[in-house]
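Chemist:
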Amino acid sequence: MGFLSRIRRLVSGQTQLAGGIMVYAPVSGDIVAIEKVPDVVFAEKIVGDGIAIAPKGELILAPIDGTIGKIFETNHAFSIESPQGLELFVHFGVGTVELRGKGFKRLAQEGQEVKVGDPILSFDIDYLKDQVDSLLTPVVLANMEDVKYLDKAQGSVTAGKDVIFTVQI
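Residue numbers (full-length UniProt numbering): 1 to 169.
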């Protein structure tokens, strides 16, 4: 998607946003370095750079204004693309795919236009904490080749309210 989104931006004449694109927390909790996620795909930034969040609550919200790309059949992860071409991947926990959707509920649909803070998925944290290897929830930039600058936040965040990173593409 990165190459095509870059072509779309060039053709449409979209300009760069001053100060970059702010990405908001999709879940409430504490920010953790992506390198600490107990899954090599995330820890070694194979799918992209970003952060992880040790989650609290029960909702996964849209981290940016954009279009929902893919929502995994198991409802544990989704992709979203901003109008500027920023592509994000949000993946709840490690080992959640093996649950085949148990503990998750889809609240949005693929192709749906959403705004920051719109609910995308819900989760049952009490059930999930005893079922998976880790609840750490990676939020990664899927099109790092387009990223010129990434500024990561630290500390505790509230879903839909606090910025987890700012990106310039």
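Ideal Cβ placement from N, Cα and C applies to all residues, glycine included.
Just to confirm the assignment: which complete beta strand (DSSP E) runs, minimum length 3, are found wholly within the region 19 to 79?
Modeler: You should have 21 to 24, 28 to 33, 50 to 56, 59 to 61 and 66 to 71.
Chemist: Once the 5 residues before and after E87 are set aside, which same chain residues still bring their CB inside 6 Å of it?
Modeler: M1, E81, A142 and N143
Chemist: Quick one: what does DSSP say L150 is sitting in, helix, strand or coil?
Modeler: strand
Chemist: Taking only the alpha-carbon atoms, compute the straight-line gap between I64 and D39 and give it to the nearest angstrom.
Modeler: 25 Å
Chemist: Just the Cα atoms here: how many angstroms apart are I31 and A153?
Modeler: 8 Å
Chemist: Write down the C-beta distance between K115 and A62 rounded to the nearest angstrom, noting that I regard them as a contact closer than 8 Å.
Modeler: Between K115 and A62, the beta carbon gap of about 6 Å places them in contact (Cβ cut-off 8 Å).
Chemist: Could you tell me which residues DSSP pairs with V167 in its beta bridges?
Modeler: I21 and L150
Chemist: Assuming V167 contacts V139 (C-beta within less than 8 Å), just tell me the rounded distance between them.
Modeler: Wrong, their Cβ atoms sit about 11 Å apart, outside the cutoff.
Chemist: Could you say if the region 86 to 105 and the region 130 to 137 meet the contact criterion of at least three C-beta pairs nearer than 8 Å?
Modeler: yes
Chemist: If you drop the 5 nearest sequence neighbours on each side, which residues of the same chain put their C-beta closer than 6 Å to that of R9?
Modeler: Its pLDDT being 47, under 50, R9 is placed unreliably by the model, and the measurement read from it follows with that caveat. Cβ neighbours of R9 beyond the five flanking positions: G85.
Chemist: Would DSSP call V139 helix, strand or coil?
Modeler: strand
Chemist: By DSSP, does E110 sit in helix, in strand, or in coil?
Modeler: E110: coil per DSSP, three-state reduction.
Chemist: Counting pairs of beta carbons, one from the region 40 to 56 and one from the region 103 to 110, are three or more of them closer than 8 Å?
Modeler: no
Chemist: I need the straight-line Cα distance from T67 to E113, nearest angstrom please.
Modeler: C-alpha separation (whole angstroms): 4 Å.
Chemist: DSSP on V116, reduced to helix/strand/coil?
Modeler: Looking at V116 - three-state DSSP - the assignment turns out to be coil, as it is neither helix nor strand.
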